[in-house]
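Chains as they are written, first to last, in this note's numbering: chain L, 91 to 740; chain V, 652 to 948.
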């Protein structure tokens, strides 16, 4: 009877535990990260009573979590890539939205600038048309400046988010270490008596951490968990944790990098961070923001160089040669690495020598103690190595479109510098021309034929095509036909001894170039048959305020392929950026959807094992209640048996 | 497969959210009428849209340039036509004047009238366009083209520039002619148009008139006439180029529309489908949420 009571009481305890656990499950059915638990029952060790083994009731073997380690790690890694893609797509959409905005983008104002030039070409002396050119140029420069300001806003947003992400990561790392400590103190190594709810809590923290950065976890034999980020950087080891911090980029103090605090030093681990929100911030900055700065800068630089060059070939309303139209943004310096030797004082000027060749890229200049080498960052190509800055300049300028000049100082082995020709161009572009009469729309010189010419020869087009001096010719230059096959050249009536070969039978329509001393190269086309002694006179275009020849050259820039090794016009180059950012945004959106689906799939898989189903718990509740009632009957039966026995002996 | 209660809840809500997102996207497209809301919707299409818009703008600009040139050439053509009429009258007067039967005082009257004609011609040569620019001074548009010394000497004040204006991608057109080509460098005569009339009138006064001088007037009129027909053919060229430009704009707009404009019929159908799907998701949510074994305990 005592055995029966014992057996009955083990059953009562076991089913009380079962009902309690079911209630715990029901209560936590909506708790995030809760893993359902189940009471594992086993028969108690039987004892030998001489005639055989007699059962001794039921035993609660353990309260177990229904948990799959593999599926849980799937959840964290999928969450990490989902959060990465979600953040990236959010940031990319911001950039994507304003680059192609028809109201604020660069594209429409670029067109308006050329439209204003077209308009003024039909009425070059009009002050109001000239004013429109200046206003549109001003707007173009402002929109380019504003575009950079918006990129800057995104950049500082990235800095801000890096900071706040790192704070979150640090507090999660600390919390995981704390929970580890709790688990270790409960002796969590025992397989039978796991601190289930603490384990859940740790899993939730790891899952939250995976939103910020991709991570790996390892459970140690003592039940502690180690968490690694990046390429094996330990963030949490048991009850110990390490902290992340921010440090300034080597070349740019305004650019924050992710650092790992080790002792008293902080190491830059930005390049090793993958996944999560933090990974998205870093890849957005590298893959989308930086190229945008470079590409817009390249369009601004090329446009400014081209317009300035042509504008200087012109003559303004006051009869003076044209100056710069946009500010000169062709000259920059080099940027020292913060880690360079303190003795380094290398001072180098970088000048754009051929804007059509310029890449939308920065360059890394490094010195190994013997040679300087220059590496193009865009595609990581070594473009030149030489023992001196001058020799390096000679080597790289024919392909890269810029020249380097050593002003003073020297470098130390191991030094690094950044060269950027275009990064700040769109920020720096400005219209320096402010007076409408300074707009050089005419050509400085004009050709005319003498009224006494007897032949039919004409000049069909004539223009200054390049300038190398500031002096307008003091005396007219004459080209007098010798009657057979040449024009003899005289300056102010004095023959120079030079001549232009012109055979009327074969050379009609030929374009000639004549270098005007102190000014530049003048191009003109002769057609027809001259008579002996016929004269063309090249003289200053005095009063030529209705002349639009230089305007036509400026207008021509719109359609010319002047950017990216002469492969694109300004509009094309900008459209390529819009399209590239658009594709990256599209692919980020797509990846976000895919990774979200994968994440949801893994959550489903986890829920199917670990999630609470209320119907199932209701059924369990009924089952354990029935079992409890049955076991209670054992107690009453034992009681009745005892009574029967007592009555028998009364 | 075992499904947790949370999962049932989450997946029902998720499908409602998904349907709502799709509905909002199609609704945005319908309300803007655009198929491409941001470049991410169609990166290649977005880049093409920028190029096509530029093309349309450029062609619109060619049309503006053509209009401006046409206005200037119209003024020039009517000035030259008036000038030719005056020359015709001067020619008739001279033909009348060389007639031997006239007295010297009658010839002086004819000469006076010819000098009136000359003043009229010089006036027409000083024609200005709508912007107040002299038409026949070449680039020197603020200089009156003819300088008159009062004793029969006429010199050209302008230059030999002919301003070109772009009216098509590969077409530029002169929007005027300089006075040197028109009046001072006339084939088959050594005189300029003004001193010719001045000298003929002086000849009538002096009695040295000669009918062979009529060929000089004819040379001037021939030259003016060919310049005028050259203007006519430039005006024709402007017309035909404008047609080409308009056609390019039309085709580009069609292309632009096919890339960025929304197919409303298709979009509305999609909208209907999506809203039906959303309703279905909402209804199934309500149905599923009501099911629980606890209801029967």
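Note that the Cβ used here is the ideal one computed from N, Cα and C, for glycine as well.
- Message: For residue 716/V and residue 255/L, I'd like the C-alpha separation in whole angstroms.
- Response: As a position in the second chain, residue 716/V is number 65, starting the count at 1. As a position in the first chain, residue 255/L is number 165, starting the count at 1. Each residue's alpha carbon lies about 57 Å from the other.
- Message: Please tell me whether residue 223/L has its Cβ less than 8 Å away from any Cβ of chain V.
- Response: For the purposes of this step, residue 223/L is taken as residue 133 along the first chain, with counting starting at 1. Cβ-Cβ to chain V under 8 Å: no for residue 223/L.
- Distance between residue 783/V and residue 764/V (C-alpha atoms, nearest Å): For the purposes of this step, residue 764/V is taken as residue 113 along the second chain, with counting starting at 1. For the purposes of this step, residue 783/V is taken as residue 132 along the second chain, with counting starting at 1. C-alpha of residue 764/V to C-alpha of residue 783/V: approximately 30 Å in a straight line.
- Are any of the Cβ atoms in chain L nearer than 8 Å to that of residue 944/V? Position 293 of the second chain, counted from the start, is the residue given in the question as residue 944/V. Answer yes: the Cβ-Cβ gap between residue 944/V and chain L drops below 8 Å somewhere.
- For residue 225/L, which residues from the same chain have a beta carbon less than 8 Å from its beta carbon, with the 5 sequence-adjacent residues on both sides left out? Residue 225/L sits at position 135 when you count from the first residue of the first chain. Correct list, in chain order: 206.
- Using a Cβ-Cβ cut-off of 6 Å (strictly less than) and excluding sequence neighbours within five positions of residue 456/L, which residues of its own chain qualify? On the first chain, residue 456/L is found 366 positions in, with the first residue counted as 1. Contacts found: 463 and 506.
- Does DSSP put residue 189/L in a helix, a strand or coil? Start at 1 with the first residue of the first chain, and residue 189/L comes out as number 99. DSSP places residue 189/L in helix when its eight states are reduced to three.
- Query: Assuming residue 34/L and residue 658/V make a contact with CB atoms under 8 Å, what is their CB distance in whole Å?
  - Reply: There is no way to answer for residue 34/L, as the model of chain L reaches only from 91 to 740.
- Quick one: Cα of residue 708/V to Cα of residue 817/V, how far? Within the second chain, numbered from 1, the residue matching residue 708/V stands at position 57. Within the second chain, numbered from 1, the residue matching residue 817/V stands at position 166. Using only the alpha carbons, I get a separation of about 14 Å.
- Message: Counting only beta-carbon separations shorter than 8 Å, does residue 668/L have a partner in chain V?
- Response: In the first chain, the residue the question calls residue 668/L occupies position 578. It does: the Cβ of residue 668/L has a partner Cβ on chain V nearer than 8 Å.
- Skipping 5 residues on each side, what residues in its chain have a beta carbon closer than 7 Å to that of residue 851/V? Here residue 851/V is taken as the residue at index 200 of the second chain, counted from 1. So the qualifying residues of the chain are 745, 765 and 864.
- Task: Using only alpha-carbon positions, find the residue among 759/V, 751/V and 848/V that is nearest to residue 768/V.
- Result: Position 117 of the second chain holds residue 768/V. Taking the Cα of residue 768/V as reference, the smallest distance to any Cα among 759/V, 751/V and 848/V is reached at 848/V.
- Message: Going by beta-carbon coordinates alone, are residue 703/L and residue 654/V separated by less than 8 Å?
- Response: In the first chain, counting from the first residue as 1, residue 703/L sits at position 613. In the second chain, counting from the first residue as 1, residue 654/V sits at position 3. Taking 8 Å as the cut-off, the Cβ atoms of residue 703/L and residue 654/V count as close.
- Contact with chain L by residue 814/V, beta-carbon distance below 8 Å: By 1-based counting over the second chain, the position of residue 814/V is 163. Chain L, which has a Cβ nearer than 8 Å to the Cβ of residue 814/V, makes this yes.
- Entirely within the region 823-870 of chain V and at least 3 residues each: give me those beta strand (DSSP E) ranges in chain order. none
- Item | Straight-line Cα distance separating residue 669/V from residue 923/V | Residue numbering aside, residue 923/V sits at position 272 when the second chain is read from its first letter. Residue numbering aside, residue 669/V sits at position 18 when the second chain is read from its first letter. Roughly 15 Å separates the two Cα atoms.
- Interfacial residues, the region 681-702 of chain L to chain V, with Cβ spacing under 8 Å: Residues 690, 693, 694, 697, 698, 699, 700, 701 and 702.
- Message: Can you check which of these residues, 362/L, 401/L and 122/L, is closest to residue 296/L by C-alpha distance?
- Response: Taking the first chain and counting its residues from 1, the one referred to as residue 296/L is at position 206. Residue 122/L is the option with its Cα nearest to residue 296/L.
- Item | First and last residue of the uninterrupted beta strand (DSSP E) at residue 204/L | Translated into the one-based positions of the first chain, residue 204/L becomes position 114. Here residue 204/L belongs to no beta strand (DSSP E); instead the alpha helix (DSSP H) covers 196-211.
- Query: Which residues in chain V sit within 8 Å of residue 547/L, going by Cβ to Cβ distance?
  - Reply: Position 457 of the first chain, counting from 1, holds the residue named residue 547/L. Correct list: empty, because the minimum Cβ distance to chain V is about 12 Å.
- Query: For residue 685/V, which of helix, strand or coil comes out of DSSP?
  - Reply: Mapped onto the second chain, residue 685/V falls at position 34. Residue state, collapsed to three classes: strand.
- Query: Considering only the beta carbon of each residue, do residue 727/V and residue 815/V sit closer than 8 Å?
  - Reply: The residue you call residue 727/V lines up with position 76 of the second chain. The residue you call residue 815/V lines up with position 164 of the second chain. Cβ atoms of residue 727/V and residue 815/V: not closer than 8 Å.
- Query: Rounded to the nearest angstrom, how far is the Cβ of residue 177/L from that of residue 147/L, given a contact under 8 Å?
  - Reply: Against the first chain, residue 177/L aligns to sequence position 87. Against the first chain, residue 147/L aligns to sequence position 57. That belief does not hold up - the Cβ atoms of residue 177/L and residue 147/L are roughly 57 Å apart, past 8 Å.
- Message: In the DSSP assignment, the alpha helix (DSSP H) including residue 246/L goes from what residue to what residue?
- Response: The sequence position of residue 246/L within the first chain is 156, counting from 1. First-last of the alpha helix (DSSP H) with residue 246/L: 217-275.
- Query: Any beta-carbon of chain V closer than 8 Å to the one on residue 616/L?
  - Reply: Indexing the first chain from 1 puts residue 616/L at position 526. For residue 616/L, the answer is no, since every Cβ of chain V falls outside 8 Å of its Cβ.
- Query: So, helix, strand or coil for residue 127/L, using DSSP?
  - Reply: Numbered from its first residue, the first chain carries residue 127/L at position 37. In this structure, residue 127/L counts as strand in the three-state DSSP scheme.
- Residue range of the unbroken alpha helix (DSSP H) whose run includes residue 381/L: As a working mapping, residue 381/L is identified with position 291 in the first chain. Residue 381/L -> alpha helix (DSSP H) spans 380-401.
- Using the C-alpha atoms, what's the distance from residue 263/L back to residue 299/L? Taking the first residue of the first chain as 1, we reach residue 299/L at position 209. Taking the first residue of the first chain as 1, we reach residue 263/L at position 173. About 8 Å.
- Does residue 936/V get closer than 8 Å to chain L when you measure Cβ to Cβ? Position 285 of the second chain, counting from 1, holds the residue named residue 936/V. With its beta carbon at least 8 Å from every one in chain L, residue 936/V lies outside the interface.
- Item | Residues that residue 702/V contacts on chain L, provided the C-beta gap is smaller than 9 Å | Here residue 702/V is taken as the residue at index 51 of the second chain, counted from 1. What residue 702/V touches in chain L: 661, 662 and 665.
- Query: Which runs of the beta strand (DSSP E) spanning at least 3 residues fall entirely within the region 594-668 of chain L, listed in chain order?
  - Reply: 600-606, 610-617 and 625-630
- Could you tell me the boundaries of the beta strand (DSSP E) in which residue 437/L lies? Stepping through the first chain from its first residue, residue 437/L is reached at position 347. Segment 437-442, the beta strand (DSSP E) holding residue 437/L.
- Query: Under three-state DSSP, which class holds residue 284/L?
  - Reply: Sequence index remark: in the first chain, residue 284/L carries index 194 (1-based). It is coil, neither helix nor strand.
- With distances taken Cα to Cα, identify the nearest neighbour of residue 516/L among 274/L, 552/L and 231/L. Looking up residue 516/L in the first chain gives position 426. Comparing Cα-Cα distances from residue 516/L to each of 274/L, 552/L and 231/L, the minimum goes to 231/L.
- Message: Please list, in chain order, the chain L residues whose beta carbon lies closer than 8 Å to that of residue 870/V.
- Response: Numbered from its first residue, the second chain carries residue 870/V at position 219. Correct list: empty, because the minimum Cβ distance to chain L is about 15 Å.
- Item | Where residue 585/L falls: helix, strand or coil (DSSP) | As a first step, residue 585/L is located in the first chain; it is residue number 495 there, counting from the start. In the structure shown, residue 585/L sits in a strand (DSSP, three-state: E or B).
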